[in-house]
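Chains as they are written, first to last, in UniProt numbering: chain D, 1 to 165; chain Z, 1 to 138. Structure first, commentary second.
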Amino acid sequence: MVYLDTIEEWHRQSALLLQARPTTARITTKYKIPNLATPKYQKPRKRKREDGAEEKDAAAPKVPKAWLVLKTYDPASGVVLKFKTDRQADVGRLITGLGRLGRHMAALPAKAEAPIDTIMDDATTTMEASAGPAAKQSAPAETKQQQQTAGGGGGGGKKKKKGKK
Amino acid sequence: MAGHLSADDFFTQLASLIEKTQHKGHGSVHLTQKRLTFDANAAPAAPQKVADDPLWDLQPPNPLPLIVRATDGKSQSKDRVKNKDKVKLSTIVQPDDVEAFFGRYAEVCKAGMQSLKKRDRSKRKKDKGKKKKGPGGA
């Protein structure tokens with residue numbers, strides 16, 4: 001359950017995941033406006049009251065601020081890649097990204113516009129060319145684990161390295 | 001669950017779903033997309049999972065459709081009662097329509113998701129010492 005730092009990183013990792021698990025991986029977009037009346041958002045205020053401060057000052061902001069979470073999840077390997085934003089300006093970019101990832105899902109050839117895509121193509125071909133079935137079986141799972149734990153940083157798995165070589 | 005909607009109906013209802021959430025002041029909208037591998041109308045060549053090869057699905061012969069779903073399933077009402085009449089929408093996107101679909105999808109989402117942080121242009125203007133240069137300046 002790691003949040004990746006940038007859209008680009010999320011998109012890149014998600015694309016790799018979709019390359020590896022096109023059938024099982026799914027992308028969920030959650031648009032959430034918090035309910036400020038729930039206890040979760042009441043706690044801080046209560047604490048301040050106990051401290052003896054005024055009652056209403058620390059009240060939560062009147063207008064709830066929404067956020068957007070993108071999540072790529074693959075139940076087969078258990079990988080979760082998430083990205084969170086609260087900026088309106090990101091929406092367009094994100095959905096364009098969803099469209100690009102949608103092409104992977106639909107098994108359409110990726111458009112040659114982005115360098116990301118070419119890297120990924122390499123990764124797939126190398127992956128298919130090498131490794132016997134036995135190696136294949138264990139490799140994806142390990143890679144996913146690495147990606148998951150490594151998160152945004154250098155979260156590269158075996159596949160990615162293969163692609164680069 | 002009702003059958004899949006056409007793209008037009010999906011967008012209309014999605015827009016109203018987001019609008020409803022927006023109007024209510026809280027809640028969430030979940031949008032999901034994944035490859036459609038199950039065909040209710042007698043799948044002729046539904047890809048069979050090959051036990052020996054974990055990479056069985058990497059190179060399907062034909063492009064596959066996507067299924068896009070939308071729901072407000074986990075939203076609560078003001079008094080925190082579980083959402084009883086949740087809305088569930090789904091539509092199937094054929095491979096040829098992917099681009100057009102996501103174009104409209106972006107429009108609907110951009111129009112609907114108004115509670116996100118707006119791009120703040122006012123500060124920049126002040127820094128530059130300029131007066132109003134129109135809201136859509138840059």
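C-beta atoms are modelled at their ideal positions from N, C-alpha and C, and glycine is treated no differently. Source: prediction; values computed, not measured.
query                                                                                                 : result
Rounded separation between Z/LEU64 and D/ALA25 - CA only                                              : 14 angstroms
Interface flag, Z/PHE102 vs chain D, CB-CB below 8 angstroms                                          : yes
Strand pairing of Z/GLY27, partner residues [DSSP]                                                    : D/ILE33
Distance between beta carbons of Z/ILE18 and Z/GLY103, contact taken as under 8 angstroms             : In fact, because the Cβ distance is near 17 angstroms, the residues do not count as touching under 8 angstroms.
Simplified DSSP assignment, three categories, for Z/ALA70                                             : strand
For Z/SER90, the first and last residue of its enclosing beta strand (DSSP E)                         : 88-93
CA nearest to the CA of D/GLU8, picked from D/ALA66, D/ALA76, D/ASP90, D/TYR73                        : D/ASP90
Element boundaries [beta strand (DSSP E), containing D/ASP90]                                         : First-last for D/ASP90: 89-105, but that is the alpha helix (DSSP H), not the beta strand (DSSP E).
Chain Z contact residues for D/PRO34, given Cβ-Cβ distances below 7 angstroms                         : HIS26
Own chain residues within Cβ distance below 8 angstroms of Z/LYS34, not counting five before or after : LEU66, ILE67
CB contact below 8 angstroms: D/GLY99 versus chain Z                                                  : yes
First and last residue of the uninterrupted alpha helix (DSSP H) at Z/LYS110                          : 98-112
DSSP beta-bridge partners of D/LEU81                                                                  : D/VAL2, D/THR72
For D/LYS84, the nearest candidate out of D/ALA15, D/THR23, D/LYS32 (CA to CA)                        : D/LYS32
Test: D/LEU4 CB closer than 8 angstroms to a CB of chain Z                                            : no
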